[in-house]
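All remarks here apply to the structure that follows.
Residue numbers (UniProt numbering), protein chains in the order written: chain F, 1 to 419; chain W, 1 to 419; chain L, 1 to 419; chain U, 1 to 419.
This is the structure in C-alpha cells:
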C-alpha cells in the first residue's frame, strides 16, 4: 500500500554492498518506499546479513529469490545449446544473468504493486541497458530509477569516499577492508573483473585476482576426464571418468560440479578487450569454468551431429543471438525468434562428448551420437560403399568452370595470352 | 621435349612415399614423361633421398622447390590476419598448403611445357579438390591426372599390399617399417592425422601420435611469455619475454620459433569431426603450435583495434574466407575479393600482444596499440570526460520502444490486460 | 513386374515433346521397361494426346498426375511466405516446380517398384540438378538415367535433326511446325524462355515471345485493384476491388485468378542474366504474373507486421533459401531448417494488402493488419504518447561515441589537430 | 566574431519555411548569433526569397551552398554502384541527402568559427539522427541544438498555430496557403511524403500528392528507350534511344535527365511502411524517378558482370550499407569500410544496359559488357566447348551425398525401412 505522502514503491536490485546500500538509503530519503530485492544466482553472498542490513537501513521488505535453477535451465542451457560466444571469446556470464534477475525483479514488483524498479548499475556499462531493456520488455509500464544516471545523485556522490561517509553518517555499516582496485561481478556462471587497475589493457591483471579457478600452475598434475551427455543440445548428465562417482543429472548440481572441476583444474580464464553496446571498448577479465567446458563439448557434438549447411545457418543465428544477449535484448522479438530457430537446429544434437581438463585447458577427446550424420563406412578410405571416386572428377570440373572463366577473363583484361 | 611416342609430360606432386612412387611408375608405364615435383613447405622430408628414388624409378627430372618463405608470407600470414578458422576450430593448415604447392606445380609445369599435372590425393578427400581447383584457376588449360579416381588404377591397386608388391616387383624400395594405423600430412603450419584407427570418433586418438608438440603433461613447469608485434594485422616481430634472446623479425624464422615454443609447451592440439567439402564428415586430429599462438594473439589485437561494427563485417568475411580456403577456392574471384576487403580492415591492426604458453594452453595477458580505438579515459569509471551518463537513459529508452511495443502486441494477442 | 530380360523399370518424366519421346523410345531400345510420367503442374499440355503417343511408342504405362494443388500449397505458398527471389529478381518458377515433380516421380517409381528415374534435362542446365538432388534426397537408393549426359546417347543425337529422324523412322509423330528459336518451360507459376536467339544478352528478346502476359502496351487502360488477405504469411483470399465478384479462397483458384489478372495487365515480365548453379551465366526471360503480385503484396505486409530485427534475420534466411531452391536443394536438411525457421517468423504476418495492376506494373496502395506492430498514435507527429523526444538526444549521443572516437583517432593518425 | 554577451555562434540548417524561420528567431532570442545555411541539393526552393527572409529575421549571415554536383557524385553514385535499397524497396533519397548537407554545415561552421549546429528535424524521425551523427562524426567537438527536442521550445510551440502566431508577432511572413495535410521532403533524388493523412497505412495516399512524376495513367503512350553506360559501377553516359539527342555524360545533367524522363513516364513511385532507426514503424510515400531507373540498370549489369560468389558477398555488404545509410551512419568506420570493399567489387562492372520506361515501369531489355564473365559459347546448348556434360553427373552425385545421408538418417530415426 502506497502512503499518500510517498512517491511510490520501488523494487531495488540490492546486493548488500556499499553502493546499493547507499542507493537504498537515498531512495528512502527521496520519499520512496523501497523493497530490497536480492536474486540468488549463485554468487557467494551472505544473504541473511544483507537482509538485516537492508531492513536496518529502512527497506519496507526484503525479498531473497533463489533463481539458480531457473538461471541454469532457462539461460545457461539456452546459451550452451546455442553456442553463444561474444566477439569470439566471451561466454556472456553477466549478460545471461541480467535478464534472469530482471524477470525476478519484475515479478516481485508486480506482485508488490510497485511502480518503480531501481538498480545500482553505472552509466557507462552494459548492465544498465540489460536490466532496463529486460524490465521494459517484460513490463512496458514500469518506470526505472537509475541513480547513477541521476544528476542529483551523481553530484552528491562523486567517489567512494562520499558513499562511505554517507553510509557511516546514517549508521549503515561500511566495509572495513580496503576496496580491491577493481570491480567484480559474480554469479553461478562466471566472475568478471574490470575497472581500476585493469583499465590499462597493456598491464597484466594482478596475480590472485581469480576466485573460482586456481592458477593453472597450481592445478593437479593428474588430468580429469569427463563424459558429458547431451539431448537436443542440452546437457543431461555428467560422469567423472577419472574418479568414480555418481552420474549427475540434476541441472544445477551438474553445473556446480563442472564449476568445481573446472575451477580445480584452472579452466576458463580469459583476459580480453571487448566492445560494449554503448560504443566504448573495455577490458574485462573473466573466469567461466563450467561454461567453458560445456561450450567446448557442445561445439564438438554439434559439428558432429549437424549437417554442414545447417551448421552454417545456425552459426549465423548464433552470432546474432550473442550480440542480442550481450546488448541486453534477451527479451526481444529477434532473440525470441532466433532462440526458437536455433532450438529447431538442435533436434538431433544428442550424444556424449569426452573431455579432459588439465592445467587450464579443456581438450575434447572423443564423441558419440546414436543418431549422428557421421557415417564411418562412407568416410573410410578402405571402403567404397556408395561412393564413386570418379564422381569427384565431375564435381571438381564443374566447380572449376567459374574459376577457369575468371582466369581467362583476367588474362583477357591484361591482354595476355594463355598458352 | 615431348617424344612422339609419349602421351605428353606430367608434373607429378611427389612425396617420395609409397603411393606417389607407385603413381610415378604407373604414369611412366602409361606412356607419360614424368617430372617429379617436391614442394618443401616445411615438412620433415628427406628430399635428396626422394630425389634419387624418383630418378631411379624413371622420372625425367626432379624439382625440389623450397616454398617455405612463400608459404609463410603469402598464405599463413594471410590466414592469420584474416583470423581464419574452419567450423570454429580448425586453423586450415593443410588447406593453406595446397594452393601454395599448386602454384609451384603450375609454375614448373608451364616452364617445362608439360600438359598434365598429377597428384596422389584420394577420391574422398578435400585435397584433390584443392589441388585441382587451384591448378585450373591458375592455368585453365591444364589437364589433371588423378590416378586414385581412375578406374584402371584403382582396380589394379585395391590396397596397400598391391602397391608394395608393384613397387617391389619394379625394384622400387618399399617401406620396411610397419605403416602407422593412420595417415598424416605435415607442413610448416601443422600436422594432421586421420583415417585408420582415427575413423571411429568415439575412440580416443592413440598416445604418441603427435610429432610437433609434446604432451602437455610433459611440458615444462615454467610458462613461457612472448610478445608478438603486428603491423596491419601481420606479425612483424617476436620477443621471448621469459628467456632473453634476440627479437625475431624474419617471417620464416619467426614462425619456426613459434612452432618450437608452442611445440615445447604442448600448444595447439585439437581432435575434431569436420565437414568435408564433398559432403562427408571426417575425424581429424591436428597440431598447429605456432598458428594457434598467432591466432590467439591476432584475435586479441584485432578486437582491441577495430571498431565494433567493422569487426562484425570482418567476421562475416572471415567465415566466408575460411570456407573458401577449406573448400579449395583460394584462387577464386570470391576469395580474392574477400582477401582484399579483409586487408582494408587490417589497416589499423598494429601493436603488440603478450601471451603465455603453459602446458597446452595459450593465454593472452596484455596488449597495446599506438593507434587503438580504446580510450582509457573515456571508459574509466572515475572520469567523466565527454561522456554524459544521462545520455544512456535516452539510449535505453529509445531502444526499448520496439521491445515495449512487442510486449503490448503480445498482450493484446493474448487478450490480456497489463496493469 | 520386371521381366528377366529387362534391365529394369524406369519412370521417365515425359512431356510428349520430341526430346522425351525420343528418350522413351531409346530407353526401350536399351532394354528398359518405361513408365511415362506426366506431372500436371499447370502447363497447357494436351495430356491425353501425349498419353496416346507414349503408349504408341511403347511405354508400359502412362501416369498423368495432377499436382497443381500441391504445387500451389506446398511450393508456391512456401516461396511467397518466404519472399523468395533469386539474385534480387527471379521468382524461381521453374526451381519450385522441379522438386514438386520429383516428389511425384519418386512416389510413382516406388509404387511401381521401379529402380530408375529418367528425365530429358540437358547437361548444362539447372534442372538436371534439381530433379536428381530431389530424387536422391527422397529416395537415396534410386538410380537416375540422364540420357543427355550419356555419351552413347549424345553421340547419336547431336542435333534436333537427329531426333526428328529417329522419331520419324520409328513412326513417332514429329512436330510439323517450325521450332521456335528459343526453348521454353511452362508451369502454373511462370513461363521461362532461354537459349537460341536469347543467348546473346545484348539482343532484345523477340516481340511476341510471351504467352501468359499481354504486352503492357496492349493492357487495359483501366487499372485493376485487388485486395489480398494473408494469414501467417500465406494468401487466404483475393478480392477484386475493381470488378465486383466473389471472393476467392481456394488456393489453386486464387492463384489462377492472379495469373489471369496479372496476365491481362502485363504484369511480371523480366529479362535477366542469372548465375546457374553449375557455374555458367545464362540469360533468361520470364513471365510470372500471379507470383509477382503476391511477392509485392507479401513483402509489403511482412515489413508492416514484423519487428525490424526479426525482418533482418528473416531476410538472411530468405536469401539462403532462395539459393537452396534455385540450386536444387529443396529437400535438404538446410532448406528444411530454414523453411521451418521462416515459418516461425510468419506467425503474425496476417492482414490485407491492396494492390493496383496497370500496364505492366503492380503498385502497393494500402495495407492493414489486425495485429501489426505499427502503432499510429506512437508514430504520429501530433501525439506525444509514451515517446519522450529528449530521449532521442541520449540515443544519438551514445551512438555518436564510436563515430567521434573514430574521427579523433583518424585526426591523431594524420597528426592533425582538431580545434 | 562572438560578442561577449552572446552564447556563441550557431549554424542553422535553414529552409525558409515556417519551422526553421521560427527556430532562427528563437535562437536569436536565446542569445545566439545565427548563420542561416541553405544547402541546394536540388529541391525547388526559392533561395533568394529565403535569404532575404532570414536576414530580415536577424540572421547574421546567410550561406547558400550548391551541393548538387557533390550530392550526385559522392552520394547518389555511391548508392547506385552499391545497389542500396532499404528493406527491399526504399532507395534512400533522404538518407543520402542528410550526410551531404551535414558536410556543408560542418564546413561552414568551422569556417565561421561557430560552436553550434542546429536543425529543425523532429524528435521522432530519422533525420535528427542522420544530421547529428554526421556532424559529430565529422567534427567531434561540435554542439548540436535540436529545438524540437528542447523542452523550453516544445512547450512553447505545441502546434503549427503557435508557430504562425510567433512568426506573425515578430513580423515574419507566414504562409498564406493552407498547409498540406502531410509533410514532404524534396531533393534531387526524390520527394518523400509522410505524416498527417498518410499516417493511416490502410488509407490510400491522396491523388495528386506527387510532384516529380506524372500519374502512370497520364504518361505517354509511347515508351522511351534509354541506354545507360557504366564504368566500374558508376553511370558515365545516357543515350535516349527513342528521341535522338546528344549523349549526356555530365553527372548532374545525366541525373536531371533521368529524373525528367522517369518523371514523364511515371517511374519510381512507392508506398511503404518502413522501420525507422528509433524503433517506430512509419508509412512513407516516395517518388524516385532517376534513382529507380539507375537501380534497375545497375542491378542488371552487376549480375551480368560479377562472379556469382562475389555477388553473394557484395549483396551482404550492400544490405549492411543500406542499414548504415538509413540509420545515419554514412560517416562511420563501418560504412567507410563497406564502401571501400564494395568499390573493389565494382572494378569490372563496366558496360551498357538498355531500359524501357513505360507508364510507371522500367524494364531492362538488354545489356552488354566488353569484359563480362558471360561466355556465350560456353552456355550455348548447341556448343560443347570445354564443357563435358558427364561432369555434371559427378557434380550432382557428390552434392547428393549429404542429402542421401540425411534421408537415411531420418528413416533410421523413424525406425523405418528403405526398400
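Ideal placement from N, C-alpha and C gives every residue a C-beta, glycine not left out.
What you are looking at is a predicted structure, and each value in this text was computed from that prediction instead of being measured.
Whole-angstrom distance between residue j and residue i, CA atom to CA atom
i                      : j                      : result
residue 142 of chain F : residue 108 of chain F : 12 Å
residue 297 of chain W : residue 263 of chain F : 24 Å
residue 223 of chain F : residue 272 of chain W : 20 Å
residue 103 of chain F : residue 134 of chain F : 8 Å
residue 311 of chain W : residue 303 of chain W : 7 Å
residue 60 of chain W  : residue 170 of chain W : 17 Å
residue 95 of chain U  : residue 332 of chain U : 14 Å
residue 225 of chain F : residue 231 of chain F : 20 Å
residue 67 of chain L  : residue 47 of chain L  : 13 Å
residue 50 of chain F  : residue 26 of chain U  : 54 Å
C-beta neighbour in chain U for residue i, strict 8 Å
i                      : result
residue 40 of chain F  : no
residue 326 of chain F : no
residue 161 of chain L : no
residue 341 of chain W : yes
residue 304 of chain L : yes
residue 320 of chain W : yes
CB contact below 8 Å: residue i versus chain F
i                      : result
residue 344 of chain L : yes
residue 349 of chain L : no
residue 140 of chain W : yes
Beta-carbon proximity check, residue i vs residue j, cutoff 8 Å
i                      : j                      : result
residue 129 of chain F : residue 284 of chain F : no
residue 64 of chain L  : residue 38 of chain L  : yes
residue 279 of chain W : residue 396 of chain U : no
Burial state of residue i, where buried means 16 or more other Cβ atoms lie within 10 Å
i                      : result
residue 414 of chain F : exposed
residue 99 of chain W  : buried
residue 168 of chain F : exposed
residue 260 of chain W : exposed
residue 113 of chain U : exposed
residue 411 of chain L : exposed
residue 87 of chain L  : buried
Interface flag, residue i vs chain L, CB-CB below 8 Å
i                      : result
residue 78 of chain F  : no
residue 413 of chain U : no
residue 332 of chain F : yes
residue 355 of chain U : no
Test: residue i CB closer than 8 Å to a CB of chain W
i                      : result
residue 208 of chain F : no
residue 390 of chain L : yes
Presumed contact (8 Å Cβ cut-off) between residue i and residue j, rounded CB distance
i                      : j                      : result
residue 313 of chain F : residue 314 of chain L : Contact flag wrong, Cβ pair sits at about 12 Å.
residue 85 of chain U  : residue 322 of chain U : 6 Å
residue 24 of chain F  : residue 34 of chain F  : 6 Å
Near the ligand NAD: residue i beta-carbon under 7 Å from a heavy atom
i                      : result
residue 212 of chain L : Ligands are entirely absent from the displayed structure, and the ligand NAD is therefore not among its contents.
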